[in-house]
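*Asks:* Quick one: structure below, then a few questions.
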């Protein structure tokens with residue numbers, strides 16, 4: 001179906017979603033090349049013969065995945081990875097999808113603001129997403145709207161902040177929560193009398 | 001005596017009851033739990049309960065040097081640790097643009113296949129135990145120990161070898177190692193008919209495992225099933241062949257498939273893979289002496305190594321399925337982010353929850369072992 005009549009000419013007022021739909025209307029064998037050309041919200045990079053990196057705006061990512069799954073046979077969601085870019089105040093979500101037919105892996109990168117940290121679930125497209133979204137929710141605190149299960153899973157008895165966020169310092173948390181016990185057993189004393197002992201660099205000594 | 005505030009709750013009569021299955025249970029692999037709702041012995045609902053093995057690997061890795069993490073990653077999955085090391089090293093090599101010498105790649109393949117053999121021996125032994133047959137487990141563990149002996153000779157470690165390093169492997173193969181490995185393979189091959197007689201063609205096993213935990217190929221694809229479990233639904237997909245890494249594209253091997261999609265088929269696929277791994281190892285033994293050269297490429301001082309900025313998603317075929325690492329570097333001496341995608345994060349959670357429904361209570365353990373689910377890969 002030719003969509004150029006529905007949407008205006010590219011690059012002028014076309015939104016990211018429209019861009020993806022325009023590409024969807026093309027034939028399968030040329031859509032990758034079409035992505036290559038300078039499109040505003042979709043950046044395409046071929047890393048190797050089997051690895052493709054796509055950078056896409058967060059509003060167009062579900063549509064892009066739908067295109068990849070429906071038109072290009074990327075039926076296997078390998079993983080969803082989350083990266084906390086605290087300096088840019090953003091979360092990066094990376095969707096790795098694999099095609100058993102073309103034997104290539106597309107990593108679709110998108111960024112969402114850290115606050116409020118809400119994004120759309122892709123469970124309707126890929127059922128394995130339920131696990132990864134639940135995991136990211138637990139570890140990074142990103143909420144996925146429409147995901148079937150956002151309950152705690154691994155950190156059942158954890159009440160602190162999402163631990164994989166960069167601002168969460170494990171060591172500081174331990175120092176605040178627990179007190180250090182002096183540990184100086186008899187065998188260590190004997191060792192020290194002989195001139196040995198535990199070697200700790202001065203900067204690593206806990207006070 | 002009842003407490004003062006006791007009030008009997010009246011409930012409608014029901015045959016349903018809830019059972020906590022695990023986290024310490026011989027029918028569960030590792031520490032992992034299930035909350036099952038039962039009617040008689042029929043499972044109505046199953047909910048996975050993970051977290052008993054959570055050690056925070058991904059967070060720990062962000063605070064350690066690139067090279068220190070090599071000692072950390074194999075701990076994620078005890079029965080099959082080598083793919084973790086190799087996959088992590090491959091990711092760093094891709095980001096850092098290192099060229100691994102060919103000899104190191106062949107040694108890695110050898111290590112991976114030894115680990116696969118050991119893991120499969122463990123897996124079918126465990127499955128046999130869930131159906132009340134303990135001898136295959138003893139045999140499997142005893143024969144796995146012989147492989148661990150070779151690991152000890154090659155790497156110094158029986159389970160966690162920590163033998164890989166970004167850029168290659170740590171040491172070359174010891175003198176006479178290949179001959180000893182070869183005679184071990186002869187022994188293992190001679191054991192295969194024994195395993196068949198004891199387990200794989202045993203009517204007790206076949207009757208118990210047939211049509212248990214069955215999934216169709218379509219279901220397997222939509223649930224994200226990979227590895228031997230996917231091949232047991234008839235799809236010949238293997239990362240080693242279809243997304244080749246190391247030197248697997250120079251090696252001749254078949255991809256074992258079974259049409260059934262049930263616990264029986266999954267075990268038969270592993271049985272065939274034992275044979276294929278032996279075949280691959282024989283090719284390695286034949287080729288390795290003729291491949292000369294270094295065993296690792298020069299890398300910067302590993303204690304002050306700033307891996308250039310970049311990201312990489314690397315996949316390998318572990319004995320359980322598709323194992324992947326997503327590694328992000330910002331040019332520092334530590335990884336910025338490492339995400340571990342273990343195959344069991346699908347198999348042990350969603351797939352197991354779905355397959356358990358409608359099965360009988362005593363088959364849950366069988367289904368879990370037939371999926372070769374490894375809970376530490378879920379918890380990380």
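Residue numbers (our numbering), protein chains in the order written: chain A, 1 to 207; chain B, 1 to 380. All C-beta atoms in this analysis are idealised placements derived from N, C-alpha and C, irrespective of residue type, glycine included.
#1: Based on the DSSP output, what are the partners of residue 286 of chain B in its beta bridges?
#2: Could you check if residue 97 of chain B is buried or exposed, using at least 16 other CB atoms within 10 Å of its CB as the buried criterion?
#3: Starting from the beta carbon of residue 222 of chain B, find every residue of chain A whose beta carbon is closer than 9 Å, and list them in chain order.
#4: Can you list the residues of chain B that residue 140 of chain A reaches, using a CB-CB cut of under 9 Å?
#5: Is residue 150 of chain A close to chain B, meaning its C-beta is less than 9 Å from at least one C-beta of that chain?
#6: What residues of chain A sit near residue 97 of chain B, judged by a beta carbon separation below 8 Å?
#7: Is DSSP giving residue 43 of chain A helix, strand or coil here?
#8: How would you list, in chain order, the residues of chain A whose beta-carbon sits under 9 Å from the beta-carbon of residue 150 of chain B?
#9: Does residue 7 of chain B come within less than 9 Å of chain A when only Cβ atoms are used?
#10: Would you please verify whether the beta carbon of residue 345 of chain B is less than 9 Å from any beta carbon of chain A?
#11: Taking the straight line between their C-alpha atoms, what separation do you get for residue 297 of chain B and residue 87 of chain A?
#12: If I'm right that residue 164 of chain B touches residue 89 of chain B with Cβ under 8 Å, what's the distance once you round it to whole angstroms?
#13: Run the CB neighbour count on residue 183 of chain A, radius 10 Å, all protein chains shown included, and call it buried at 16 or more, exposed below.
#14: Any C-beta of chain E sitting closer than 9 Å to the C-beta of residue 50 of chain B?
#15: Once you ignore the five residues that flank residue 167 of chain B on each side, which residues in its own chain have a CB closer than 7 Å to its CB?
#16: With distances taken from CA atoms, which of B/15, B/79, B/108 and B/68 is nearest residue 316 of chain B?
#17: From A/148, A/59 and A/173, pick the residue whose C-alpha is nearest to that of residue 159 of chain A; which is it?
#18: Applying the criterion that 16 or more other CB atoms from any shown protein chain within 10 Å of the CB defines a buried residue, is residue 325 of chain B buried or exposed?
#19: Please tell me whether residue 86 of chain B has its Cβ less than 9 Å away from any Cβ of chain A.
#20: By Cβ distance, which residues of its chain are closer than 7 Å to residue 199 of chain A, with the 5 residues on each side in sequence left out?
#21: Out of curiosity, what's the CA-to-CA distance linking residue 371 of chain B and residue 277 of chain B?
#22: Name the chain B residues that come within less than 7 Å of residue 220 of chain A, Cβ to Cβ?
#23: Within 9 Å of any Cβ in chain A, is that where the Cβ of residue 377 of chain B sits?
#24: For residue 5 of chain A, count neighbouring Cβ atoms within 10 angstroms of its own Cβ and tell me buried if that reaches 16, exposed if not.
#25: Going along the chain, which unbroken runs of the alpha helix (DSSP H) with 4 or more residues stay wholly within the stretch 113-170 of chain B?
#26: If you run the structure through DSSP and keep just helix, strand and coil, what is residue 232 of chain B?
*Replies:* Based on what the coordinates show:
#1: Within the second chain, residue 286 of chain B is the residue found at index 286, counting from 1. Beta-bridge annotation (DSSP): residue 286 of chain B is not paired with any residue.
#2: The residue labelled residue 97 of chain B in the question sits at position 97 within the second chain. Answer is exposed; the Cβ neighbour count stays below 16.
#3: As a position in the second chain, residue 222 of chain B is number 222, starting the count at 1. Neighbours of residue 222 of chain B on chain A, chain order: 75, 126, 127 and 128.
#4: The residue given as residue 140 of chain A occupies position 140 in the first chain. Against residue 140 of chain A, chain B offers no close residue; the least beta-carbon distance is about 10 Å (beta-carbon pairs closer than 9 Å).
#5: Locating residue 150 of chain A in the first chain gives position 150, counting from the first residue. Residue 150 of chain A does not count as touching chain B.
#6: The count along the second chain starts at 1 and reaches residue 97 of chain B at position 97. Within 8 Å Cβ-Cβ: nothing; residue 97 of chain B doesn't reach chain A, min ~12 Å.
#7: As a working mapping, residue 43 of chain A is identified with position 43 in the first chain. Residue state, collapsed to three classes: strand.
#8: Here residue 150 of chain B corresponds to residue number 150 of the second chain, with the count starting at 1. Think of a sphere of 9 Å around the beta carbon of residue 150 of chain B: no beta carbon from chain A falls inside it, the nearest being about 32 Å out.
#9: Here residue 7 of chain B is taken as the residue at index 7 of the second chain, counted from 1. So no, residue 7 of chain B is outside the interface.
#10: In the second chain, residue 345 of chain B corresponds to position 345, counting from 1. At a cut-off of 9 Å between C-beta atoms, residue 345 of chain B counts as an interface residue with respect to chain A.
#11: The residue you call residue 297 of chain B lines up with position 297 of the second chain. The residue you call residue 87 of chain A lines up with position 87 of the first chain. Each residue's Cα considered, the two are about 35 Å apart.
#12: By one-based count along the second chain, residue 164 of chain B stands at place 164. By one-based count along the second chain, residue 89 of chain B stands at place 89. The pair is a contact, with the Cβ atoms about 5 Å apart (cut-off 8 Å).
#13: In the first chain, counting from the first residue as 1, residue 183 of chain A sits at position 183. Within 10 angstroms of the beta-carbon of residue 183 of chain A lie fewer than 16 other beta-carbons, which makes it exposed.
#14: Given the protein chain composition of this structure (A and B), no chain E is represented.
#15: Looking up residue 167 of chain B in the second chain gives position 167. Excluding positions up to five away in sequence, the list reads 93, 98, 100, 296, 297 and 299.
#16: Taking the second chain and counting its residues from 1, the one referred to as residue 316 of chain B is at position 316. The shortest Cα separation from residue 316 of chain B among B/15, B/79, B/108 and B/68 belongs to B/108.
#17: The count along the first chain starts at 1 and reaches residue 159 of chain A at position 159. Comparing Cα-Cα distances from residue 159 of chain A to each of A/148, A/59 and A/173, the minimum goes to A/173.
#18: Counting from 1 along the second chain, the entry for residue 325 of chain B is found at position 325. Classification for residue 325 of chain B: buried.
#19: Your numbering for residue 86 of chain B matches position 86 in the second chain. Residue 86 of chain B does not count as touching chain A.
#20: Indexing the first chain from 1 puts residue 199 of chain A at position 199. Nothing meets the Cβ criterion.
#21: Looking up residue 371 of chain B in the second chain gives position 371. Looking up residue 277 of chain B in the second chain gives position 277. The straight-line gap from Cα to Cα measures roughly 19 Å.
#22: The structure shown does not extend to residue 220 of chain A, since chain A spans only 1 to 207, so no value can be given for it.
#23: For the purposes of this step, residue 377 of chain B is identified with residue 377 of the second chain, where counting begins at 1. Not one chain A Cβ lies under 9 Å of residue 377 of chain B.
#24: The residue labelled residue 5 of chain A in the question sits at position 5 within the first chain. Note on residue 5 of chain A: pLDDT 36, under 50, position unreliable in the model; no value is reported.
#25: Within the stretch 113-170 of chain B, the runs of alpha helix (DSSP H) at least 4 residues long that lie entirely inside it are, in chain order, 135-155.
#26: What you label residue 232 of chain B is simply residue 232 of the second chain in a count that begins at 1. Here residue 232 of chain B carries a coil assignment [DSSP, helix/strand/coil].
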